[in-house]
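Q: Mind having a look at this structure? Questions to follow.
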């Protein structure tokens, strides 16, 4: 069970991974962490990360898991819930595709 509400996002954000500048795609965000996709091949579990959230906040944390280019980040200090809500959105299910098979990210599986 998660400690914080998680919101979907879809934007590129500047970040630093182990001090190295990078740009990551932010896929979801909560006060306690986020999921990103990074181009930085040296990013790994345990890497220190700093993400810039639209210049409203800078969150420092650590990569707690990594699969391919996706990584889970746990923030050292929670981000204010209002900032999370401003950056995130709640996806609405459309009736016409409500029964389509989806992967764990909610993307339709193409058969």
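In full-length UniProt numbering, the protein residues as written are 1 to 111.
Built from N, CA and C at the ideal position, the CB exists for glycine as well.
#1: If we ignore side chains and look at the alpha-carbon of each, how far apart do residue 53 and residue 74 end up?
#2: Assign residue 59 to one of two classes, buried (16 or more other C-beta atoms within 10 Å of its C-beta) or exposed (fewer than that).
#3: Whole angstroms are fine: how far does the CA of residue 30 sit from the CA of residue 65?
#4: Which residues in the same chain as residue 61 place their Cβ atom closer than 7 Å to its Cβ, once the five residues preceding and following it in sequence are excluded?
#5: Does the distance from the CB of residue 51 to the CB of residue 83 come in under 7 Å?
#6: Which same chain residues end up closer than 7 Å to residue 88 when comparing Cβ atoms and leaving out the 5 residues on each side of it in sequence?
#7: To which residues of the same chain is residue 17 closer than 6 Å at the C-beta, ignoring the five residues directly before and after it?
A: Judging by the given coordinates:
#1: As a working note, residue 53 is residue 53 in the chain shown. As a working note, residue 74 is residue 74 in the chain shown. The straight-line gap from Cα to Cα measures roughly 15 Å.
#2: The sequence position of residue 59 within the chain shown is 59, counting from 1. With 16 or more neighbouring CB atoms inside 10 Å of its own CB, residue 59 falls in the buried class.
#3: Counted from its first residue, the chain shown places residue 65 at position 65. Counted from its first residue, the chain shown places residue 30 at position 30. Cα-Cα distance, rounded: 16 Å.
#4: Here residue 61 refers to the residue found at position 61 when the chain shown is read from its first residue. Closer than 7 Å at the Cβ level, and outside the excluded window around residue 61, lie 33, 49, 73, 74, 75 and 76.
#5: Taking the chain shown and counting its residues from 1, one reaches residue 51 at position 51. Taking the chain shown and counting its residues from 1, one reaches residue 83 at position 83. No, Cβ-Cβ distance for residue 51 and residue 83 is not below 7 Å.
#6: The residue you call residue 88 lines up with position 88 of the chain shown. 7, 8, 9 and 29.
#7: Within the chain shown, the letter at position 17 stands for residue 17. Cβ contact annotation for residue 17 (same chain, cutoff 6 Å, sequence separation greater than five): 40, 43, 47 and 49, in chain order.
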